[in-house]
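Below is one structure, written out as structure tokens; the observations come after it.
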Amino acid sequence: MKPVQILNFAAVLVFGLLVGHQCSRAPAPKPAATPTGSVAVPTTTQTSRSIDALRRGADLATEPESLPLARVENADIKRARAYPMQPPTIPHAIDGYQVDQHANRCMLCHGQVNSTQFQAPPVSVTHYMDRDSQVLAEISPRRYFCVQCHVVQTDAKPLIANTYTGADDILAATPAARE
Amino acid sequence: MAWRERILGIWRLFNSPSRHYSLMFLTLGGFIAGIVFWGGFNTALEATNTETFCTSCHEMKNNVFAELKSTIHYSNRSGVRATCPDCHVPHQWTSKIARKMQASKEVWGKIFGTIDSREKFLDKRRELAEHEWARLKANDSLECRNCHNYNSMDITRQSPRAGAIHERHLLSGDKTCIDCHKGIAHQLPDMAGVPQG
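Sequence lines, in order, name chains A and B.
So for the first sequence, our numbering puts the first residue at 215; every next one is plus one.
So for the second sequence, our numbering puts the first residue at 5; every next one is plus one.
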């Protein structure tokens, strides 16, 4: 904050306090002090961990600074599934990939035919089946839009802590709980 | 045969020495006129080789140029960008002239409104794209390589996946850029039946 802004802010604060004090004559100037308190230290509440992603606790009179954009992880290392049957997450950037009625960029490498050429994991044969379990030559229309289930991951911090426990951890913990 | 005499007369006029003008005037005049015409020709040629010129037609501005804007060849972190002729016109002079002659057909298309609506453009898109794929395949993606030189490409700075694939297919020369990077700067047409990768 620039010195001029601080001066302006102080002037407004003093003016507001005086006016509030004279008008009310009440023993509590605290309603005026409470919002100024949150304005004066916005950084404590404006963390990326706030569940309110837009305002992050800043009051309405202030403009919260936008957070830096999260980067897509592009390390090409397969991630473990958090639970059985989880759609695997995409371990690379997919910027500008065209997946529409004309073309499917994902299937350029992940199709059954091209997957060996690009050493990409081919999509499972279930993705070629229609709802009657008939295997089609092309990816099934109901599986066509890959990012409906498969998503990239970013380096953004989770907004709230997650206490999810996977099935393997529960199974491993069970004997101990029994004893 | 009056017209035969006339042609012979013109031939004799050009074949005989100058009667009134000095040799210096003719040589210097020819030299200066050459500079003016050659310079003018190249200036006009370069004027048609700009993005401003390309996008002065709504066919380009509303379709392909609009699509380019969201791609990395228009907007990226370092601000280096490709304009239309960087990819679509050869940089070498003779090839450029050849392409410019071909472009006379595009002028024809412009005059008669071959793709003057979005629907017409979408109907023609596959054919137009195939022309560009064929051109880039034939010249080993020369217009890509004008900027993306494999010798200067540090594949260790690429993602492991991209680096490995470039090393396997680009270094060995069994693929060229356009084989995998179709639709890098514009939307793809209906790709049914197009072998990819």
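Where a beta carbon is used, it is the ideal one built from N, C-alpha and C, also for glycine.
Since this is a predicted model, take the numbers as computed values, not measurements.
Pull up the DSSP beta-bridge partners for Ile304 (chain A), would you. Per DSSP, A:Val366.
Under 8 Å by beta carbon: chain A residues contacting Asp209 (chain B): Any question about residue 209 (chain B) goes unanswered here, given that chain B covers just 5 to 201.
Using alpha carbons as the reference points, say which of A:Asp383, A:Arg269 and A:Arg357 lies closest to Asp314 (chain A). Nearest option by C-alpha distance: A:Arg357.
Assigned secondary structure, Pro249 (chain A) (DSSP; H/G/I helix, E/B strand, else coil): At Pro249 (chain A) the pLDDT is 43, less than 50, meaning the model places this residue with poor confidence and gives no usable figure here.
Count the other CB atoms, across all protein chains shown, that sit within 10 Å of the CB of Gly13 (chain B); report buried if there are 16 or more and exposed otherwise. Gly13 (chain B) counts as exposed, since fewer than 16 other beta carbons sit within 10 angstroms of its beta carbon.
Cβ of Lys73 (chain B) versus every heavy atom of the ligand MN: is any distance shorter than 7 Å? The ligand MN is absent from the structure shown, which contains no ligands of any kind.
Count the other CB atoms within 10 Å of the CB of Met299 (chain A); is the residue buried (16 or more) or exposed (fewer)? So Met299 (chain A) ends up on the exposed side.
Which parts of the stretch 269–337 of chain A are runs of the alpha helix (DSSP H), unbroken and 4 residues or longer, counting only runs that do not cross its ends? Whole alpha helix (DSSP H) segments, 4+ residues: 319–324 and 329–332.
Under 8 Å from the C-beta of Ala168 (chain B): neighbouring residues of chain A: The answer, in chain order, is Gln333.
Verify the CB distance criterion: does Gln348 (chain A) have a CB-CB separation below 8 Å to chain B? Gln348 (chain A) does not count as touching chain B.
Where does Met343 (chain A) sit, in a helix, a strand or coil, going by DSSP? Reduced to three states, the DSSP call for Met343 (chain A) is strand.
Do the stretch 306–324 of chain A and the stretch 186–199 of chain B meet, that is, are 3 or more Cβ pairs less than 8 Å apart? These segments touch.
Chain A residues whose Cβ lies nearer than 7 Å to that of Gln191 (chain B): Under the 7 Å cutoff, chain A gives Gln312.
Same chain only: Cβ atoms within 7 Å of Glu134 (chain B), ignoring 5 sequence neighbours per side: Excluding its 5 nearest sequence neighbours in each direction, Glu134 (chain B) has no C-beta neighbour in its own chain below 7 Å.
Using a Cβ-Cβ distance under 8 Å, would Asn376 (chain A) count as near chain B? Cβ-Cβ to chain B under 8 Å: no for Asn376 (chain A).
Measuring only the C-alpha atoms, how far is Glu279 (chain A) from Arg269 (chain A)? For Glu279 (chain A) and Arg269 (chain A), the distance between alpha carbons rounds to 9 Å.
Element boundaries [alpha helix (DSSP H), containing Gly380 (chain A)]: That residue, Gly380 (chain A), is in no alpha helix (DSSP H); it is neither H nor E in DSSP.
Rounded to the nearest angstrom, how far is the Cβ of Thr304 (chain A) from that of His364 (chain A), given a contact under 8 Å? This sequence places Ile at residue 304 (chain A); Thr is not what is there. With 8 Å as the limit, Ile304 (chain A) and His364 (chain A) qualify as a contact, their Cβ atoms being about 5 Å apart.
How many whole angstroms separate the CB atoms of Glu63 (chain B) and Asp120 (chain B), which I take to be in contact at a CB cut-off of 8 Å? Contact between Glu63 (chain B) and Asp120 (chain B) holds, with the beta-carbon distance rounding to 7 Å and staying under 8 Å.
CB Asn67 (chain B) to CB Phe116 (chain B), shorter than 8 Å? Between Asn67 (chain B) and Phe116 (chain B), the CB-CB gap reaches or exceeds 8 Å.
Can Ser354 (chain A) and Asp346 (chain A) be called in contact, C-beta distance under 8 Å? No. Outside cutoff.
Would you report the Cα separation of His95 (chain B) and Leu146 (chain B), rounded to the nearest angstrom? Rounded to whole angstroms, His95 (chain B) to Leu146 (chain B) spans 9 Å at the Cα level.
Straight-line CA distance for Arg103 (chain B) to Ile169 (chain B)? Approximately 32 Å, taken between the alpha carbons.
Chain B partners of Asp344 (chain A), CB-CB under 8 Å? The CB of Asp344 (chain A) never comes closer than 8 Å to any CB in chain B; the least such distance is about 18 Å.
So for Val349 (chain A), helix, strand or coil by DSSP? The answer is strand: DSSP assigns Val349 (chain A) an E or B state.
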